[in-house]
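Protein chains in written order, with the working numbering: chain A, 1 to 434; chain B, 1001 to 1434.
Glycine included, every Cβ here is placed at the ideal spot set by N, Cα and C.
All values derive from a computational prediction rather than experimental measurement.
Number of protein chains: 2
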Amino acid sequence: MMTAEKMGSTHRPRPRATDYLIASKRCELRNLECFLQMGKLVLSIGNLIHHLQRERGASNVYLGSKGERFFDELGAMVSNSNQQQQTFEYELLEIQAELTSHPASISLLNSIAAALHGLDILPVLRADIRRQSVSAEIAIESYNERIRHLLAVVFEAAETVVDPAIAGMLVAMVNLMQGKEMAGQERASGSLGFSRGHFDSALSRRIAHLIDAQERSFAVFERFADEELLMLWQHHTNAEYWRDLQHLRGLACSVGRYKPLDTNLSGQWFELTTQRIDELKRIEDTLEDHFHRRCIARYTEARSALTHEEDLMDALDDAGPDQDPMRALCTGDYPGDKPDAYRSDGVGQKLGRSVFELVQQQAVRLEQLSGELRLAREALEDRRTLEKAVLLLMKRQRISDDEAHKQLRKLAMDQGRKLPEVARSVLEMTALLR
Amino acid sequence: MMTAEKMGSTHRPRPRATDYLIASKRCELRNLECFLQMGKLVLSIGNLIHHLQRERGASNVYLGSKGERFFDELGAMVSNSNQQQQTFEYELLEIQAELTSHPASISLLNSIAAALHGLDILPVLRADIRRQSVSAEIAIESYNERIRHLLAVVFEAAETVVDPAIAGMLVAMVNLMQGKEMAGQERASGSLGFSRGHFDSALSRRIAHLIDAQERSFAVFERFADEELLMLWQHHTNAEYWRDLQHLRGLACSVGRYKPLDTNLSGQWFELTTQRIDELKRIEDTLEDHFHRRCIARYTEARSALTHEEDLMDALDDAGPDQDPMRALCTGDYPGDKPDAYRSDGVGQKLGRSVFELVQQQAVRLEQLSGELRLAREALEDRRTLEKAVLLLMKRQRISDDEAHKQLRKLAMDQGRKLPEVARSVLEMTALLR
């Protein structure tokens, strides 16, 4: 049996604190590196979604007008969407090896699988729209589904970030994209109603719901956006076209089935909503640009911190392999958890202090990060919870998602609680009643 | 510019949904594989902690009796601890490559660095105890610190699990180990008081706090333990020695500084608490064994699911590389999101349905898992929040952790809220007031 004294001088290989410290830093670096590439993927997803949204809106003008409007426009839009899809697929291939060999998240990989699978169905959908062999409602729903899968990839990617500065920006991004998608669905639903010349009550309710949902997403975006983005945002909310847009929104929400509208309004509606959505896209692009710059800054920072620490570790190794590690780490006093506990009598002291301080620094930093990260994670979690509760109510009561949202909002209002809290209670209750 | 029709037949490489589906499954498998090895590491940590706890208790009898008791026992215990440390280091080296090349968590790696660094200080601490050149209070604190770092590794490991069945067991494990550590600290503090022959009020308060903290940890353990463990637990709480132990606990908590005790009680105290702690260790070993078996079962399951799906994918590939992927995926009707939308006219239909169903199945499964996982994660998060709030109060008010716990408990009582909620509020408030 070995005694404590013998332990220190044996030469069997032992795991070293410094190896794990360096590995921890490298892991952080790899995560940042991954997001430098992921940023490009998110950009390409944003572009693809943008064009699919436009295609969806135009398809509804086309179908709603029984093929009289937007025949040519639609062709050009499909072509643009295809180009964007190619770029998305190219970016995905670029990081495929990284994503699948150092997988960050099971859910991220599965969401990519679902998104790719969803895109494969587009050509058939487009041909059916062209032939007018599909109802506008089903066409909208099918586009919504593709876009939902693409947004889920961004959402799952945001969940894998461990750097809070970056996580906050991705939360802003996810919510901006989500709000923009609700605006896109509003454009499509309105296009259908205006080109048909009337809105039934389901369609009006749908539009009211979409307006409400946009506001909720954009509120979260505002919480996590930086100053420059907030200025752009303010500019957007004060734009001139809002007066006309609000007027048309009013018609869409209240006109009813039996009061025919001028079908030429569909052109104006498409134009105004498109102007607005294009503006949202520019804000999204700015956010994307800020995100990219932040990733580079954080990566450079982490890279040089790692180099600095690797140098320190090398210095520790150079102090001689025969030197008792105990001696280097704690040269006398043992509550070695406090740096001033090391004796100030030479090299061992200096290096011992370095290792100690680095471990502590990293622990304190990770602790701080985890606190800041929690806010970002909670915002993502709130969104997930709400979506789950809505799906659950839809399934249980066989109601639309507008109706499910409405029930949850009513519950929240009645109980004076926040929407995500109510959603959480609904899920917990159901788990109990299962 | 390409048209939609041309897109389908070009031969540029494209990312495939099936690749990501398989990657998602492989990622899940790797996580399980990692926990098969991690289980051994956790076992070795549990054993090392157990022996350090015993050494800590005996050191306090030794120091409290001014070197009169436990001289020989202590030597044997140190030797056992060293053996356990070797095993721990061996297990760590076994998975070092895996841990550092496919890093699961930055925090896990850093917690290992801190634990290793902490162990390096042990020989010096032991020499000081032997020479009686360190106070019992500082010696206890130093052992507590080493054990705290070791427990943090198990905690961080638990946070990286993605399989809810396994996550729940690790939550039970973390809380059992935490409760056992509080029992160990109770043994050490009591050993000091009984061997000195008196308890000052700080020491009595400390013991009352440790008893309370044990109960809270074990309550969480009970929530996540399986039936067999609950039976063992019931047996433990009804053991015969409790009557004597409760009597000594009563003395320790109330005797006061100026009423001398028979110092021979220290032997009885050490024996009773050790009997209890050894029993806790046996429950821990059973839990470890169940955990290992569960990991193997889940791994085997996931492995065979992956093989099954890879076979399906191969079949899809064999259907011919020249076959248009669109055709295989959706042979006509496009809201291809519903399996019954595929035409029942041949191979394409069958394979299309397979891919679709697999993506859906994995999504539904991940969704269910994430719900179950949330409960386990929340229990871990509650513990982390509480610890952070305690540390914060200790630092701000320069008080002991007993005192900090007491303040939080009082707040919770006054406000009729749960302890983790109050801890969360404290942290949020401080973030606001910073």
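Candidates the options: closest to residue i by CA position
i         : options                                    : result
Glu387/A  : Asp285/A, Phe155/A, Ser254/A               : Phe155/A
Glu1216/B : Cys1027/B, Asp1382/B, Gln1037/B            : For the record, residue 1216/B in the displayed sequence is Arg; it is not Glu. The residue with the shortest Cα to Cα distance from Arg1216/B is Asp1382/B.
Glu288/A  : Ser44/A, Glu28/A, Leu392/A                 : Ser44/A
Leu1108/B : Gln1085/B, Leu1041/B, Leu1312/B            : Leu1041/B
His209/A  : Gly416/A, Ser400/A, Arg396/A               : Ser400/A
Glu55/A   : Met313/A, Asn82/A, Ala315/A                : Asn82/A
Leu119/A  : Leu192/A, Leu151/A, Gln96/A                : Leu151/A
Gln1246/B : Leu1261/B, Ile1207/B, Glu1228/B            : Ile1207/B
Lys1281/B : Glu1227/B, Asn1175/B, Ala1305/B, Thr1385/B : Asn1175/B
Tyr1143/B : Asn1264/B, Ala1165/B, Ala1115/B, Leu1251/B : Ala1115/B
Leu48/A   : Ser59/A, Arg126/A, Glu227/A, Gln85/A       : Gln85/A
Arg377/A  : Asp212/A, Ile166/A, Leu427/A               : Ile166/A
Glu1181/B : Leu1251/B, Arg1126/B, Phe1218/B            : Phe1218/B
Gly193/A  : Leu411/A, Val364/A, Ala58/A, Lys395/A      : Ala58/A
Met77/A   : His50/A, Glu98/A, Leu93/A, Gln96/A         : His50/A
Ala1127/B : Leu1419/B, Leu1265/B, Gly1075/B            : Gly1075/B
Ala456/A  : Gly416/A, Leu408/A, Gln415/A               : Since the displayed chain A opens at 1 and closes at 434, residue 456/A lies outside it and no answer follows.
Extent of the continuous alpha helix (DSSP H) run through residue i
i         : result
Lys406/A  : 401–415
His198/A  : Unbroken run through His198/A: none, as it is neither H nor E.
Phe155/A  : 136–159
Arg1243/B : 1242–1254
Lys1040/B : 1017–1064
Ile129/A  : 122–130
Glu1228/B : 1227–1237
Ser107/A  : 106–119
Within-8 Å CB hit, residue i to chain A
i         : result
Pro1164/B : no
Val1359/B : yes
Ser1107/B : yes
Leu1251/B : no
Thr1307/B : no
Val1171/B : no
Gly1320/B : For Gly1320/B, the predicted model reports a pLDDT of 43, less than 50, meaning its position is unreliable; a value from the coordinates is still stated below. It does not: the Cβ of Gly1320/B has no partner Cβ on chain A nearer than 8 Å.
Asp1414/B : no
Residue-chain proximity (residue i, chain B), Cβ-Cβ < 8 Å
i        : result
Thr263/A : no
Tyr299/A : no
Ala113/A : yes
Asn110/A : yes
Ser425/A : no
Cys34/A  : no
Tyr143/A : no
Leu366/A : yes
Thr286/A : no
Thr237/A : no
Thr273/A : no
Asp337/A : The pLDDT assigned to Asp337/A is 43, lower than 50, so where the model puts this residue is not dependable, and the model offers no usable value.
Residue i: contacting residues in chain A (beta-carbon distance under 8 Å)
i         : result
Arg1016/B : Leu116
Gln1096/B : Pro15, Asp19
Within chain A, partners of residue i - CB distance below 9 Å
i         : result
Pro1013/B : Glu89, Leu93
Cross-chain neighbours of residue i in chain B, by beta carbon under 8 Å
i        : result
Leu411/A : Within 8 Å Cβ-Cβ: nothing; Leu411/A doesn't reach chain B, min ~20 Å.
Thr160/A : Ordered by position in chain B, no residue passes the 8 Å Cβ test against Thr160/A, which lies about 12 Å from the chain.
7 Å Cβ cut-off: residues of chain B touching residue i
i       : result
Ser24/A : Ile1106, Leu1109, Asn1110, Ala1113
Contacts that residue i makes with chain A (C-beta to C-beta distance below 7 Å)
i         : result
Ala1363/B : Asn110, Ala114
Does the stretch 1179–1199 of chain B come into contact with the stretch 1224–1240 of chain B, if we say contact requires no fewer than three beta-carbon pairs (one atom in each stretch) closer than 8 Å? Contact annotation: the stretch 1179–1199 of chain B does not touch the stretch 1224–1240 of chain B, with fewer than three C-beta pairs closer than 8 Å.
Pair every Cβ in the stretch 27–36 of chain A with every Cβ in the stretch 126–134 of chain A, then say whether three or more of these pairs are closer than 8 Å. The stretch 27–36 of chain A vs the stretch 126–134 of chain A: no contact.
Cβ pair count under 8 Å reaching 3, the stretch 1084–1092 of chain B against the stretch 1156–1175 of chain B: Contact fails between the stretch 1084–1092 of chain B and the stretch 1156–1175 of chain B, because fewer than three Cβ pairs, one in each stretch, are under 8 Å apart.
Taking contact to mean at least 3 C-beta pairs separated by less than 8 Å, is the stretch 169–187 of chain A in contact with the stretch 269–282 of chain A? Result yes; three or more Cβ-Cβ pairs closer than 8 Å.
Answer yes if the stretch 57–72 of chain A comes into contact with the stretch 112–132 of chain A, meaning at least three C-beta pairs across the two stretches below 8 Å, and no otherwise. Contact holds between the stretch 112–132 of chain A and the stretch 57–72 of chain A, because three or more Cβ pairs, one in each stretch, are under 8 Å apart.
For the stretch 18–31 of chain A against the stretch 291–310 of chain A, are there 3 or more C-beta pairs whose distance is under 8 Å? Output reads yes: the stretch 291–310 of chain A touches the stretch 18–31 of chain A.
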